[in-house]
Amino acid sequence: MNRWALELQSDGKGHEVDAAEACARRAPPPSFVWIHLDGREQETLRWLNDHGGMPTTVIYALTATETRPRSEAIEHGALINLRGPSLPGDQQQDRLVSIRAWVEHGRAISVSFHPIDGLDVLRDQMIAGSIKDPGDLISHLAMIITKRVDPVIADLGDLVDDCELALAPEHAYETRRKIAEARSDAIVYRRFVAPQREALSRLAELDAPWLEEDDRLHLREAADRFARMAEELEAVRERSALIHEQLTDLRSEQIENRALLLSIVALIFLPLTFLTGLLGMNVEGIPGAHEPWAFWGVVGFCVVIAGAITAWFSFAHWFRR
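Residue numbering for the sequence shown follows our numbering, starting at 12 and increasing by one per position.
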């Protein structure tokens, strides 16, 4: 279900109601209604204009295609934009999708364009009676998002730890692929995690009658955890860049070692090639041309020269460079 309307009734639990009737009724607190709409449906904008009872700027903000985390007091309510993890299998580019909400005393209207992981949990909490007012709704939403995103950021840090332990030439290709993915994910998440921390901190300080002290404590806790996640993402980016540099150095060192080995082999065979080329000229007067021992004598002389050059390279520590 992509849209619903829940109203807190006399039994202290949320019940399904008609969204338009709930907005028209606007019963005074302690009654509280939460209306969630699907931004992809064409009638959402028309419904907000007809029944929302909110400023036009808020309607445009709720239905905007692109948005970033923010919280702003407008007239008697507050416009809140947050980002949460998308459901597995949802085909969209951003790892964190937006949920926008207009919150005022006794009412909350939220809009999302993609299914958000954990939103069904928030709905169940409302039905069970754990959510009593807009402050509870927003603080519970912030904590649910935090619990979903925190393990993902921690997994990125663990992946970087594994890559640091696997810094070896034989694992260079796989490590380079993993560290590139981790760095890319860190950049994507940090794009929204950092401003979400600011949005939650600002919301916790908002002067609104529907925000109670325990709601502010939960919002501050969520903001603090997002601050820690932002620091972790920054560390992942820096460590990924350092690992990438180390992998590049390992590859350069490996290429240099191979080039050095080829150079040593070439230097060993250079005088041998000169000698065999000189004796292989098809001219008269080559020493030992008609002697039966000449071939093995040349072979032995080449072995002596190759051994002497190899010993000199070993004495000069070329093989250890």
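Backbone N, C-alpha and C fix where the C-beta goes; we use that ideal spot for every residue, glycine too. The model shown is predicted, which means the values in this text are computed figures rather than measured ones.
| Query | Result |
| --- | --- |
| Let me check one thing: in DSSP terms, what residues is H47 bridge-paired to? | W15, S121 |
| State the Cα-Cα distance for the pair P99 and S141, rounded to the nearest angstrom. | 26 Å |
| Leaving aside the five residues before and after V132 along the sequence, list all residues of the same chain whose C-beta is less than 8 Å from its C-beta, in chain order. | I155 |
| Assuming A241 and R213 are in contact, meaning their beta carbons sit under 8 Å apart, how far apart are those beta carbons, in whole angstroms? | Contact doesn't hold; Cβ gap of about 15 Å is too wide. |
| Can you give me the C-alpha to C-alpha distance between L170 and R239, rounded to a whole angstrom? | 18 Å |
| Roughly how many whole angstroms lie between the Cα atoms of A72 and D260? | 49 Å |
| Residues in its own chain within less than 7 Å of A215 by CB, not counting five upstream and five downstream? | R227, L230, R231, A234 |
| Which full runs of the beta strand (DSSP E) of 3+ residues lie inside the segment 211 to 248, going along the chain? | none |
| Which one of F285, R111, L93 has the shortest CA to CA distance from P80? | L93 |
| Is S195 near the ligand MG - that is, is its Cβ less than 7 Å away from at least one heavy atom of it? | The ligand content of the structure shown is nil, which means the ligand MG is not present either. |
| Do D49 and R14 come within 8 Å of each other at the CB atom, strictly closer than that value? | yes |
| Out of A317, A153, E32, G25, which one is the CA nearest neighbour of F280? | A317 |
| Considering only C-alpha positions, which residue in the set H116, T157, I275 is nearest to R236? | T157 |
| Considering only C-alpha positions, which residue in the set G95, G23, A16, S97 is nearest to G63? | A16 |
| For chain D, check one thing: does any of its Cβ atoms lie closer than 8 Å to the Cβ of E267? | Absent from the structure is chain D; it holds one protein chain and no more. |
| For the candidate residues S251, E295, I320, H47, whose alpha-carbon lies nearest to that of A152? | The amino acid at residue 152 is misidentified as Ala; the sequence shows Leu. The shortest Cα separation from L152 among S251, E295, I320, H47 belongs to H47. |
| A252 to T186, Cα distance in whole Å? | 12 Å |
| Grouping DSSP H, G and I as helix and E and B as strand, with all else coil, what is S42? | coil |
| By a C-beta neighbour count over all protein chains shown, 10 Å radius and 16 as the cutoff for buried, is R89 buried or exposed? | Reading off the sequence, residue 89 comes out as Ala, not Arg. Burial call: buried. |
| What's the C-alpha gap between A270 and R248? | 33 Å |
| Using C-beta distances below 7 Å, list every residue in its chain close to H87, excluding the 5 sequence neighbours before and after it, in chain order. | E115 |
| In the structure shown, what three-state DSSP assignment does G95 receive? | strand |
| Buried or exposed: which applies to P145, given that a residue is buried once 16 or more other Cβ atoms fall within 10 Å of its Cβ? | buried |
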